[in-house]
Amino acid sequence: MPDFMPKNDTEYAAWLANFNTVTTANLAALGLVTGDLTPSTAGTTAFNTAITNFVSAKASAKSATQGKKSSRKTIETVSRTLAKRIQANPAVSNSLKEQLGLTVRTAPSRAIAPANPFALVVTGFDNGVNALLWNRNGYAAGVQYVIEARIGNEAEFSMVGTTTKSKFEHGEQKPGVQAIYRVYAQRASIQSNVSNEAVVYAAFPIRAVAPLLRVA
Numbered sequence: 012m013p014d015f016m017p018k019n020d021t022e023y024a025a026w027l028a029n030f031n032t033v034t035t036a037n038l039a040a041l042g043l044v045t046g047d048l049t050p051s052t053a054g055t056t057a058f059n060t061a062i063t064n065f066v067s068a069k070a071s072a073k074s075a076t077q078g079k080k081s082s083r084k085t086i087e088t089v090s091r092t093l094a095k096r097i098q099a100n101p102a103v104s105n106s107l108k109e110q111l112g113l114t115v116r117t118a119p120s121r122a123i124a125p126a127n128p129f130a131l132v133v134t135g136f137d138n139g140v141n142a143l144l145w146n147r148n149g150y151a152a153g154v155q156y157v158i159e160a161r162i163g164n165e166a167e168f169s170m171v172g173t174t175t176k177s178k179f180e181h182g183e184q185k186p187g188v189q190a191i192y193r194v195y196a197q198r199a200s201i202q203s204n205v206s207n208e209a210v211v212y213a214a215f216p217i218r219a220v221a222p223l224l225r226v227a
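Quick note, the sequence shown lines up with residues 12 to 227 if you use the numbering used here.
Written out as C-alpha cells, the structure is:
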C-alpha cells in the first residue's frame with residue numbers, strides 16, 4: 012500500500028498545511044482537542060523554515076561554486092603566463108624549474124639501430140620451400156626482420172617477406188632455381204646492416220660484398 016504522504020518536500024509541506032487546516036476546523040468531529048494539534052503545527056513551522064534555509068543554502072552553494080570556478084580560471088591564466096616566461100628563459104636551470112613544479116623539457120632519446128643479423132643459411136626442399144635461418148644477434152624487442160631475395164637471373168634484390176622470428180619459409184619456389192637471400196633488422200624507421208648473403212641451388216659463386224649501412 013503506497014504511503015499517503017508525498018515524498019517531495021514542497022508537496023509534503025502543502026499536504027501538512029492542508030492537514031493542519033482541516034484538522035483545526037474539525038477537532039470535535041475528529042475527537043481531538045487543540046493541544047493534540049500543537050506538535051503538528053509547531054513541527055510544520057520548523058519544517059517550512061528548514062526548507063527555506065535549504066533552498067537558500069543551495070542557491071548560495073551554486074553561487075560559491077561559480078565564483079570558485081571563475082577565480083581559478085583567472086589565476087590559471089596568470090600562472091600559466093608566468094610559467095611560460097620562465098620556461099622560455101634559457102638561464103633558468105632544470106633543478107629550479109623542478110622546484111617550481113614546472114615540466115622539465117628533456118631532449119628526445121636517440122633511437123638505437125637494431126643489431127645486425129648474421130649467420131644466415133638457407134636450405135631448399137623439393138616441395139618448393141626455401142627455409143631460411145639466421146642469428147638475431149641478441150634480444151630483439153620490437154624488431155622486424157625483412158627478407159630480400161634475388162631469384163634466378165634477377166639483378167636486384169627485392170623484398171619477399173617479413174617476420175619477427177629468426178627463421179622464414181619462402182614458399183612457391185622452383186627447386187633447382189638459384190635463390191640468393193639476405194636479411195636486415197628494422198625497428199621503427201631505423202634499419203641495421205644487411206646480413207651475409209646465403210644461396211640455395213648455387214649456379215655461380217656469390218661475390219662477397221661488404222654490408223652497407225641501410226638508411227631508412
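All residues carry an ideal CB built from backbone N, CA and C; glycine is no exception. Predicted model, so just to flag it, every value in this text is computed and none were measured.
If we require 3 or more residues per run, which beta strand (DSSP E) segments fall completely within the region 80-122?
If we require 3 residues or more, the region 80-122 turns out to have no beta strand (DSSP E) run fully inside it.
What is the rounded straight-line gap between the Cα of ALA94 and the Cα of ALA53?
Those two C-alpha atoms are separated by around 60 Å.
Please return the same chain residues whose Cβ sits closer than 6 Å to the Cβ of THR45, not counting the five positions on each side in sequence.
Excluding residues within five positions, none has a Cβ falling inside 6 Å.
Could you tell me whether the Cβ atoms of ILE158 and VAL140 are closer together than 8 Å?
Result no, Cβ atoms of ILE158 and VAL140 do not sit closer than 8 Å.
Do you know offhand how far SER51's Cα is from PHE30's?
The alpha-carbon atoms of SER51 and PHE30 are separated by roughly 9 Å.
May I ask you to report which of helix, strand or coil DSSP gives PHE15?
Of the three classes helix, strand and coil, the one that applies to PHE15 here is coil, per DSSP.
Closest to VAL133 by C-alpha separation, out of GLY42, VAL33 and ASN207, would be which residue?
It is ASN207 whose Cα lies nearest to the Cα of VAL133.
So, for VAL115: in the same chain, excluding its five sequence neighbours on each side, which residues have a beta-carbon less than 8 Å away from its beta-carbon?
Excluding residues within five positions, the ones whose Cβ falls inside 8 Å are ASN105, LYS108 and GLU109.
Below 8 Å on the Cβ atoms is my guess for ILE62 versus ASP20; work out the distance and round it to an integer in Å.
So it is a contact: roughly 6 Å between Cβ atoms.
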